[in-house]
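> Numbering (the numbering used here), first residue to last: 14 to 204. We put the CB at the ideal spot given by N, CA and C, even for glycine. As the structure is a computational prediction, the values presented were derived from the model and not from experiment. I'd like to ask some things about the structure below.
Encoded structure:
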């Protein structure tokens, strides 16, 4: 009698536990990470270019950083370099700081876009391409004294790493006329 009572009690508790926990029911999928943004694995130089454009449009600092080589170098426009001492030792770290500051100042706004025109992507070695293009960059940030649109010409050296993935190794900026360039924007957001 006692054994039968314990068996019924154990069976009842097991059924109640399984029913209460909904072990076999489906659940709602979790939302993807909000910070992931649009990023394609950079198997080609074109994907690096697309990733940079998306990281700017989405103000995604992680994806911007992922598009830069560990040994990234930046050469500012001639006029910006003559005016700004910040470019004396510009590395990937300074590039990340600039973009994080820019992102913070533009976070509540939309309409950020990098337009690349007159693009020329040239193979210079089996693991290296050079992009030469004019650009217009619009960033709707909150700093009134800094231009929201800059333009110029850029040259990106895109290099394939030992892992087969591509990134920007070198970046040279050039001004076009008297318009503010990307170098000017970078210098303002490092102040």
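1. If residue 203 and residue 94 are in contact, beta carbons under 8 Å, what's the gap, nearest whole angstrom?
2. Under a three-way DSSP split, which group does residue 135 fall into?
3. Spell out whether any CB of chain B is found under 8 Å from the CB atom of residue 60.
4. For residue 200, I'd like the list of residues in its chain whose CB is within less than 8 Å of its CB, leaving aside the five on either flank, ordered along the chain.
5. For residue 87, report the span of its beta strand (DSSP E) as first-last.
6. What do you get for residue 55, buried or exposed, if any count of 16 or more other CB atoms within 10 angstroms of its CB means buried?
7. Where do the N-terminal and C-terminal ends of the alpha helix (DSSP H) with residue 156 fall, by residue?
8. To the nearest angstrom, how far is the alpha carbon of residue 151 from that of residue 125?
9. When you compare the stretch 79 to 89 with the stretch 182 to 198, are there three or more beta-carbon pairs, one atom per stretch, that lie closer than 8 Å?
10. Comparing C-alpha positions only, which one of 114, 174, 132 and 193 sits nearest to residue 160?
11. Grouping DSSP H, G and I as helix and E and B as strand, with all else coil, what is residue 129?
12. Just to confirm my understanding: we take residue 47, look at its own chain, exclude 5 residues before and 5 after, and list those with CB closer than 6 Å. What are they?
13. I want to know whether the stretch 130 to 145 touches the stretch 74 to 84 - three or more CB-CB distances under 8 Å.
14. Looking at C-alpha atoms only, which residue of 138, 135, 169 and 79 is the closest neighbour of residue 148?
In brief:
1. Between residue 94 and residue 203 the Cβ distance is about 13 Å, and since that is not below 8 Å, they are no contact.
2. In the structure shown, the three-state DSSP call for residue 135 is strand.
3. Here chain B cannot be found, since the structure has a single protein chain.
4. Cβ within range, chain order: 89, 93, 96, 97, 99 and 100.
5. Counting along the chain, the beta strand (DSSP E) containing residue 87 begins and ends at 81 to 88.
6. buried
7. It is not in any alpha helix (DSSP H) - residue 156 carries neither H nor E in the DSSP assignment.
8. 5 Å
9. yes
10. 193
11. strand
12. For residue 47, the predicted structure reports a pLDDT of 47, less than 50, and the residue's modelled location is therefore unreliable. The matter cannot be settled from this model.
13. no
14. 169
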